[in-house]
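Asks:
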DNA sequence: GTCATGACAAAGA
DNA sequence: TTCTTTGCCATGA
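In the working numbering, the protein residues as written are 25 to 135.
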């Protein structure tokens, strides 16, 4: 059972449009606690057990690195999914990260 | 009930 | 500039 904080995380992650990615810190900041990025990552760890699975593959660390690819069914599933959405992944690193970056704060503000 | 750990990030030295 | 330390909250033992 996910706590409210986790639910908020899942909610934001599900808002990420296809072909876009965001960072743990951005989500944490979106929730109001920029320092909670670690909790966001842990929330992603439980993302596989929530009913509406969240596109966790669209969430990477601030370096654009596929930090959590090993937590998927298969370690290569994450980059596969990203590639399918048009994102170029090289050596667990998203290329043109700034180009694919999607800011939840901005999206929510614009609504 | 407490202790340690985790898909991270920002600030200090 | 890089390296180290602290914060955050939930989960598991």
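Ideal Cβ placement from N, Cα and C applies to all residues, glycine included.
Alpha carbons only, please: which of 125, 36, 51, 131 is nearest the one belonging to residue 76?
Replies: Your numbering for residue 76 matches position 52 in the first chain. When each option's Cα is compared against that of residue 76, the closest is 36.
Asks: Quick one: grab the DSSP three-state call for residue 118.
Replies: Locating residue 118 in the first chain gives position 94, counting from the first residue. Strand.
Asks: If you run the structure through DSSP and keep just helix, strand and coil, what is residue 84?
Replies: The count along the first chain starts at 1 and reaches residue 84 at position 60. Of the three classes helix, strand and coil, the one that applies to residue 84 here is strand, per DSSP.
Asks: Which of the three DSSP states, helix, strand or coil, is assigned to residue 125?
Replies: Taking the first residue of the first chain as position 1, residue 125 is located at position 101. Note: residue 125 maps to strand in three-state DSSP.
Asks: Among 132, 96, 81, 131, which has the Cα closest to the Cα of residue 108?
Replies: Counting from one through the first chain, the residue named residue 108 turns up at place 84. The residue with the shortest Cα to Cα distance from residue 108 is 81.
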